[in-house]
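Engineer: Provided herewith is a single structure, encoded as structure tokens, for subsequent inquiry.
There are 2 protein chains.
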Amino acid sequence: MTQEHGRVAAATEMRWNGWGDPARAKDLPLAVRTLLPLLLGRIRRPVDAVGLAAVELPPSALDASDVAAFAAVVGAEHVSTGHDARVRHSGGRSTPDLLRLREVRQAAPDAVVRPRTHDEVAACLRVAVELGVAVIPFGGGTSVVGALDPERGPHRAVVSLDLRRLTGLLRVDEVSGEALIAAGTTGPDAEAQLAAHGYELGHYPQSFRYATIGGFAAARSSGQNSAGNGRFDTMVTGIRVATPTGDIELGRSPGSAAGPDLIRVFLGSEGAFGVITEVRVRVHPIPRDRVFESWTFPDFARGVDALRHVAQGRGGPTVIRLSDEAETAVSLAQVGRIGKALARGASAVTVYEGEGIATRRERTAALLRAAGGVSSGEGAAEEWLAGRFDGPYLRDSLLDAGVFCETLETATTWSNLASLKSAVEGALRDGFAETGARSYIMCHVSHIYPTGASLYFTVLAGIRAEPLATWSGVKARTNDAIIAAGGTISHHHAVGRDHAPWLESEIGITGVRILRAIKRELDPAGILNPGALIPADRTS
Amino acid sequence: MTQEHGRVAAATEMRWNGWGDPARAKDLPLAVRTLLPLLLGRIRRPVDAVGLAAVELPPSALDASDVAAFAAVVGAEHVSTGHDARVRHSGGRSTPDLLRLREVRQAAPDAVVRPRTHDEVAACLRVAVELGVAVIPFGGGTSVVGALDPERGPHRAVVSLDLRRLTGLLRVDEVSGEALIAAGTTGPDAEAQLAAHGYELGHYPQSFRYATIGGFAAARSSGQNSAGNGRFDTMVTGIRVATPTGDIELGRSPGSAAGPDLIRVFLGSEGAFGVITEVRVRVHPIPRDRVFESWTFPDFARGVDALRHVAQGRGGPTVIRLSDEAETAVSLAQVGRIGKALARGASAVTVYEGEGIATRRERTAALLRAAGGVSSGEGAAEEWLAGRFDGPYLRDSLLDAGVFCETLETATTWSNLASLKSAVEGALRDGFAETGARSYIMCHVSHIYPTGASLYFTVLAGIRAEPLATWSGVKARTNDAIIAAGGTISHHHAVGRDHAPWLESEIGITGVRILRAIKRELDPAGILNPGALIPADRTS
Numbered sequence: 002m003t004q005e006h007g008r009v010a011a012a013t014e015m016r017w018n019g020w021g022d023p024a025r026a027k028d029l030p031l032a033v034r035t036l037l038p039l040l041l042g043r044i045r046r047p048v049d050a051v052g053l054a055a056v057e058l059p060p061s062a063l064d065a066s067d068v069a070a071f072a073a074v075v076g077a078e079h080v081s082t083g084h085d086a087r088v089r090h091s092g093g094r095s096t097p098d099l100l101r102l103r104e105v106r107q108a109a110p111d112a113v114v115r116p117r118t119h120d121e122v123a124a125c126l127r128v129a130v131e132l133g134v135a136v137i138p139f140g141g142g143t144s145v146v147g148a149l150d151p152e153r154g155p156h157r158a159v160v161s162l163d164l165r166r167l168t169g170l171l172r173v174d175e176v177s178g179e180a181l182i183a184a185g186t187t188g189p190d191a192e193a194q195l196a197a198h199g200y201e202l203g204h205y206p207q208s209f210r211y212a213t214i215g216g217f218a219a220a221r222s223s224g225q226n227s228a229g230n231g232r233f234d235t236m237v238t239g240i241r242v243a244t245p246t247g248d249i250e251l252g253r254s255p256g257s258a259a260g261p262d263l264i265r266v267f268l269g270s271e272g273a274f275g276v277i278t279e280v281r282v283r284v285h286p287i288p289r290d291r292v293f294e295s296w297t298f299p300d301f302a303r304g305v306d307a308l309r310h311v312a313q314g315r316g317g318p319t320v321i322r323l324s325d326e327a328e329t330a331v332s333l334a335q336v337g338r339i340g341k342a343l344a345r346g347a348s349a350v351t352v353y354e355g356e357g358i359a360t361r362r363e364r365t366a367a368l369l370r371a372a373g374g375v376s377s378g379e380g381a382a383e384e385w386l387a388g389r390f391d392g393p394y395l396r397d398s399l400l401d402a403g404v405f406c407e408t409l410e411t412a413t414t415w416s417n418l419a420s421l422k423s424a425v426e427g428a429l430r431d432g433f434a435e436t437g438a439r440s441y442i443m444c445h446v447s448h449i450y451p452t453g454a455s456l457y458f459t460v461l462a463g464i465r466a467e468p469l470a471t472w473s474g475v476k477a478r479t480n481d482a483i484i485a486a487g488g489t490i491s492h493h494h495a496v497g498r499d500h501a502p503w504l505e506s507e508i509g510i511t512g513v514r515i516l517r518a519i520k521r522e523l524d525p526a527g528i529l530n531p532g533a534l535i536p537a538d539r540t541s
Numbered sequence: 002m003t004q005e006h007g008r009v010a011a012a013t014e015m016r017w018n019g020w021g022d023p024a025r026a027k028d029l030p031l032a033v034r035t036l037l038p039l040l041l042g043r044i045r046r047p048v049d050a051v052g053l054a055a056v057e058l059p060p061s062a063l064d065a066s067d068v069a070a071f072a073a074v075v076g077a078e079h080v081s082t083g084h085d086a087r088v089r090h091s092g093g094r095s096t097p098d099l100l101r102l103r104e105v106r107q108a109a110p111d112a113v114v115r116p117r118t119h120d121e122v123a124a125c126l127r128v129a130v131e132l133g134v135a136v137i138p139f140g141g142g143t144s145v146v147g148a149l150d151p152e153r154g155p156h157r158a159v160v161s162l163d164l165r166r167l168t169g170l171l172r173v174d175e176v177s178g179e180a181l182i183a184a185g186t187t188g189p190d191a192e193a194q195l196a197a198h199g200y201e202l203g204h205y206p207q208s209f210r211y212a213t214i215g216g217f218a219a220a221r222s223s224g225q226n227s228a229g230n231g232r233f234d235t236m237v238t239g240i241r242v243a244t245p246t247g248d249i250e251l252g253r254s255p256g257s258a259a260g261p262d263l264i265r266v267f268l269g270s271e272g273a274f275g276v277i278t279e280v281r282v283r284v285h286p287i288p289r290d291r292v293f294e295s296w297t298f299p300d301f302a303r304g305v306d307a308l309r310h311v312a313q314g315r316g317g318p319t320v321i322r323l324s325d326e327a328e329t330a331v332s333l334a335q336v337g338r339i340g341k342a343l344a345r346g347a348s349a350v351t352v353y354e355g356e357g358i359a360t361r362r363e364r365t366a367a368l369l370r371a372a373g374g375v376s377s378g379e380g381a382a383e384e385w386l387a388g389r390f391d392g393p394y395l396r397d398s399l400l401d402a403g404v405f406c407e408t409l410e411t412a413t414t415w416s417n418l419a420s421l422k423s424a425v426e427g428a429l430r431d432g433f434a435e436t437g438a439r440s441y442i443m444c445h446v447s448h449i450y451p452t453g454a455s456l457y458f459t460v461l462a463g464i465r466a467e468p469l470a471t472w473s474g475v476k477a478r479t480n481d482a483i484i485a486a487g488g489t490i491s492h493h494h495a496v497g498r499d500h501a502p503w504l505e506s507e508i509g510i511t512g513v514r515i516l517r518a519i520k521r522e523l524d525p526a527g528i529l530n531p532g533a534l535i536p537a538d539r540t541s
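Residue numbers (my numbering), protein chains in the order written: chain A, 2 to 541; chain B, 2 to 541.
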């Protein structure tokens, strides 16, 4: 059983132009094929995707002496300018990324460099500065915000710094419940090594099978168990970072007033300030028990009210998610059930792990019932858990069938949640409609806080014009709507290049100036991930 | 009843050369007077403290046109160069501060300026830049780390920017459980205004009666209810700051991945980057019930073990504190009981508020009993609560009697706690002994985290030489020991000027460079709190 306690087998190499394990890719179920025209009208069959060998890349801008300089640090076998390695490091896994990977002509980094230690990372950064080459730190390759685009900025070339050889559980402190993990360790590898000590990190974003511990930190990941285990932000107790101008190690204490918490400067820094090489995290004993319960609410609003009461008290579930009516109708929350039935109302999933399950479940159930919720047993929640990392496979199949499918997310206070949801839905619907596309928009709440919650949208569209250009316009309009309605530009997908133009609306020009000042100090040559996170300075 | 649910009447103006309300000051109980020579040997009576009118200050370095420039912003009645106002803003309330306040010749800011709004604060900063005058933001005046010293740095004068006219509960969002509070509002005033809505912030540092909401944020305060309500860091959901080069408002969402959390850049910034003018905080309904229970452990080590198990599971108390054998012996944790009995073992206090008290108490009690704890009923815990803001009064009386009394604090992981405690005690004991002083060192744990805990030390000493110089040497030695033993230089007192020389040991030179880069960007003239937080750059 590979999914006991959410742990899964270590990932194979990801499909080069789609999500995940090629062996797990599957065609759309017949029920979905039947449903799609009802939702989206006539679907236009897309042009066939290109094969890996047929992809055309510009020649690498690095010459033999450049390659030798990196090879002197990491060994010649760990520097590659080969075609396949470059394509496989050419971006993340947003829908625009996948659409670009279906084209013949593609952009790619000029080389892939694979250091094995912190010191090798630091040395690679020094070489890059010396050679005038940009560096894109690369973990699991699962970014959906353009954080891995092979952008060279003002530099003459760009290398992908693949961190997946920095791997392993470096230290476990069982008394303190802390583990030091090398940043390139994937989610499943970290959990497998912790499990040998009886411990769990318990951080399960949808990208879990491929993403790395360093990536969780650099992108401020959330994770589906955030109600119980907290955001990744709150799990990190220490961090080690190599920057082009020096190393830094932070986290002397679980609580401190020794100036601002500089760990938080690097959580969410997306490779723009330095390369995270080690992360110290809070871990807990593997929970022995797990209890599932699914719920149905008359409508989304009453479900939100229920989740709010759960979040504002003590002792809630480990996982709690609420789908709106549109998502409930197509059972999208349970990949295995899609299209099986057009359900009514708003469905929710709860999972309990760890101490005091009975008390927590009783308290939560009482709050959900008080808001009009009706328990629907274990089934749907168990199915959600079994399929929770499989959503992205479905997207590949939809793209193959000519259906555009993408996700985006935001968050706000409880009092502003309904109004933000309606603003985002309006922007998506009107944006597609203006290009002649019908869309189907679904939403769920997956992360709750005492003061507010996240909103995660999945949109399907039958795009008639060029999909990349169409989505680019709709996405811009949606980001504007999020900001105007008081939401954050990203709850857990991060900024990358796709959201960078909106960051100033989020944190103000003074906030952007702070980021630029840190960047100038740590990376004066600007080699690190140019164009990601920090919007370009038009005044200089 | 003024202490219902920890709320107390709004503070009167603080005693000019000591702690708190002059009416509450009291002589040392006879039992303490008897005990002291046993602990410390013969006590030398100190010279008498000077009266307020007899304090000699240098003349204000501001001329009439300077004063007029500030008066144009805040009104003439809110700019003072008077003797009393200057003395009352000349520092915080560390023991060295109090010793300096007993001397005839004192340093003081050249004026006190009292803005009423965010815009007035911003305008004051612009005036200060224009005039070349340093600015010390001043809240409750309770710093114990020298953050309020009237240091002018390279500037020709220094003003104290008293923020206590920026007051009031500006907005309550009862659905989201958030309140927007002006930064100069004191703890009791904030709680009184929230109570009118049925809400509580629930943040009770020892400085609660005087300290301000902005001060809690700027200094990364903890608060005695941190086990239940979290550190102040975790309560803040938004912040508004005026800097010399522009304003910033942060906190669009309860969770976000829109780059690094810049709120955390200002939490702990101690007035060096800007002036916090508004703070948005998470609040909760006033708890209806409160349950007390005191405990005794055979020794401190077993008590620590018990607290660790409480912290590493779910559903603990709102307050949990554990005194070591030395503190237990003199009952210092209960100010009202000091010297009444020489108790044995290590005593602990637990307080439960809010939801699920019975379950939480049962679970906690089981863990404490399993570690050898014996319940001693409600009494001692109730007494602790009644006297919990009164500790500093005792210090004044001790100083009057010639006994040196100071506190310091740190934190580390559970696995390193015993070794850090012993290193600090050794440094204090040996440091005093080398100057011929006997000392009595007490310690308690007051803040627990899943991965570690704080250590709070109180030291009494019969100093024979000059107290300020003696303590300065002992304190430096103790800080070195904290760093060498892996602790943080401050768990909740902050950095100020007293800890600044140790900050580089805590966050590394790269960390200090980040702070300097932010400072240069936001405050290029360096007018804000010069010398506080950021150690002087000896290389430039």
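Glycine included, C-beta positions come from ideal geometry on N, C-alpha and C.
1) So, at 7 Å on beta carbons, what are the nonlocal neighbours of residue 243/B in its own chain, with the 5 sequence-adjacent residues on each side left out?
2) Can you grab the Cα-Cα spacing for the pair residue 353/B / residue 373/B, in whole Å?
3) Verify the CB distance criterion: does residue 277/A have a CB-CB separation below 7 Å to chain B?
4) Pull up the CB-CB distance for residue 283/A and residue 452/B, whole angstroms please, since I reckon it's below 8 Å.
5) Which residues, taken in chain order from the segment 453-465 of chain A, show a beta carbon closer than 9 Å to some beta carbon of chain B?
6) Tell me, which residues are paired with residue 461/B by DSSP?
7) Taking 7 Å as the CB-CB cut-off, is residue 372/B touching chain A?
8) How would you list, in chain order, the residues of chain A whose beta-carbon sits under 8 Å from the beta-carbon of residue 241/B?
9) Would you kindly check if the distance between the Cβ of residue 213/B and the Cβ of residue 269/B is under 7 Å?
10) Helix, strand or coil: which one does DSSP assign to residue 97/B?
11) Any residues in the segment 241-255 of chain B with a beta carbon nearer than 7 Å to a beta carbon of chain A? Which ones, in chain order?
12) Could you check if residue 105/A is buried or exposed, using at least 16 other CB atoms within 10 Å of its CB as the buried criterion?
13) Give me the Cα-Cα distance between residue 235/B and residue 468/A, rounded to the nearest whole angstrom.
14) Exposed or buried, what is residue 14/A when buried is set at 16 or more other beta-carbons lying within 10 Å of its beta-carbon?
15) Along the chain, where does the alpha helix (DSSP H) containing residue 394/A start, and where does it finish?
16) Quick check on the burial criterion: 16 or more other C-beta atoms within 10 angstroms. Buried or exposed for residue 262/A?
17) Kindly indicate which residue of 22/A, 26/A, 20/A and 33/A has the alpha-carbon position closest to the one of residue 404/A.
18) Taking the runs of the alpha helix (DSSP H) that are 4 residues or longer, which of them lie wholly in the segment 45-131 of chain A?
19) Does residue 497/A have its Cβ less than 7 Å from a Cβ in chain B?
20) Would DSSP call residue 619/B helix, strand or coil?
21) Using a Cβ-Cβ cut-off of 6 Å (strictly less than) and excluding sequence neighbours within five positions of residue 545/A, which residues of its own chain qualify?
22) Which residues share a DSSP beta bridge with residue 139/B?
23) I think residue 150/B touches residue 92/B, with their Cβ atoms under 8 Å apart; what is that distance to the nearest whole Å?
24) State yes or no: is the C-beta of residue 134/B within less than 7 Å of the C-beta of residue 158/B?
25) List, in order along the chain, the chain A residues whose C-beta lies closer than 7 Å to that of residue 176/B?
26) Starting from residue 201/B, follow its DSSP beta bridges and name the residues at the other end.
27) Are the segment 481-488 of chain A and the segment 208-227 of chain B touching, with three or more C-beta to C-beta distances below 8 Å?
28) Please state whether the Cβ-Cβ distance between residue 164/A and residue 215/A is less than 7 Å.
29) Contact criterion: CB-CB distance below 7 Å. Does residue 211/B meet it with respect to chain A?
30) If you run the structure through DSSP and keep just helix, strand and coil, what is residue 467/A?
31) Threshold first: 4 residues or longer. Then list the alpha helix (DSSP H) segments lying entirely within the segment 493-530 of chain A, N to C.
Structural biologist: Inspection of the coordinates gives the following:
1) In the second sequence, counting from the first residue as 1, residue 243/B sits at position 242. Cβ neighbours of residue 243/B beyond the five flanking positions: 119, 122, 123, 126, 275, 276 and 278.
2) On the second sequence, residue 353/B is found 352 positions in, with the first residue counted as 1. On the second sequence, residue 373/B is found 372 positions in, with the first residue counted as 1. For residue 353/B and residue 373/B, the distance between alpha carbons rounds to 21 Å.
3) Residue numbering aside, residue 277/A sits at position 276 when the first sequence is read from its first letter. No, no contact with chain B.
4) In the first sequence, the residue the question calls residue 283/A occupies position 282. In the second sequence, the residue the question calls residue 452/B occupies position 451. With a Cβ gap of about 5 Å, residue 283/A and residue 452/B count as contacting.
5) 453, 454 and 455
6) Against the second sequence, residue 461/B aligns to sequence position 460. According to DSSP, which records beta bridges pairwise, residue 461/B is partnered with 406/B and 441/B.
7) For the purposes of this step, residue 372/B is identified with residue 371 of the second sequence, where counting begins at 1. Chain A contact via Cβ: absent.
8) Counted from its first residue, the second sequence places residue 241/B at position 240. Correct list: empty, because the minimum Cβ distance to chain A is about 10 Å.
9) Taking the first residue of the second sequence as position 1, residue 269/B is located at position 268. Taking the first residue of the second sequence as position 1, residue 213/B is located at position 212. No, Cβ-Cβ distance for residue 269/B and residue 213/B is not below 7 Å.
10) Along the second sequence, read from residue 1 onward, the residue named residue 97/B stands at position 96. Residue state, collapsed to three classes: helix.
11) 244, 247, 248, 249, 250, 251, 253, 254 and 255
12) Counting from one through the first sequence, the residue named residue 105/A turns up at place 104. So residue 105/A ends up on the exposed side.
13) Counting from 1 along the second sequence, the entry for residue 235/B is found at position 234. Counting from 1 along the first sequence, the entry for residue 468/A is found at position 467. So the alpha carbons of these two residues sit roughly 42 Å apart.
14) The count along the first sequence starts at 1 and reaches residue 14/A at position 13. Looking at its Cβ environment, which holds fewer than 16 other Cβ atoms inside 10 Å, residue 14/A is exposed.
15) As a working mapping, residue 394/A is identified with position 393 in the first sequence. Where residue 394/A is concerned, the enclosing alpha helix (DSSP H) stretches over 392-401.
16) Counting from 1 along the first sequence, the entry for residue 262/A is found at position 261. It counts as buried.
17) Residue 404/A sits at position 403 when you count from the first residue of the first sequence. Of 22/A, 26/A, 20/A and 33/A, the residue nearest in Cα terms is 33/A.
18) 65-75, 84-89 and 96-101
19) Counting from 1 along the first sequence, the entry for residue 497/A is found at position 496. Not one chain B Cβ lies under 7 Å of residue 497/A.
20) Only positions 2 to 541 of chain B appear in this structure, which leaves residue 619/B out of reach.
21) What the structure shows of chain A is the stretch from 2 to 541, and residue 545/A is not part of that stretch, so it cannot be assessed.
22) In the second sequence, counting from the first residue as 1, residue 139/B sits at position 138. Paired residue(s): 163/B.
23) Sequence index remark: in the second sequence, residue 150/B carries index 149 (1-based). Sequence index remark: in the second sequence, residue 92/B carries index 91 (1-based). Yes, residue 150/B and residue 92/B are in contact; Cβ-Cβ is about 6 Å, under 8 Å.
24) For the purposes of this step, residue 134/B is identified with residue 133 of the second sequence, where counting begins at 1. For the purposes of this step, residue 158/B is identified with residue 157 of the second sequence, where counting begins at 1. Their beta carbons are under 7 Å apart, which means residue 134/B touches residue 158/B by this criterion.
25) Here residue 176/B is taken as the residue at index 175 of the second sequence, counted from 1. Residues of chain A passing the Cβ test: 415 and 416.
26) In the second sequence, residue 201/B corresponds to position 200, counting from 1. Answer is 285/B, bridged to residue 201/B.
27) no
28) Along the first sequence, read from residue 1 onward, the residue named residue 164/A stands at position 163. Along the first sequence, read from residue 1 onward, the residue named residue 215/A stands at position 214. Yes, the Cβ-Cβ distance between residue 164/A and residue 215/A is below 7 Å.
29) Position 210 of the second sequence holds residue 211/B. No, its Cβ sits nowhere closer than 7 Å to a Cβ of chain A.
30) Locating residue 467/A in the first sequence gives position 466, counting from the first residue. Reduced to three states, the DSSP call for residue 467/A is coil.
31) 501-523
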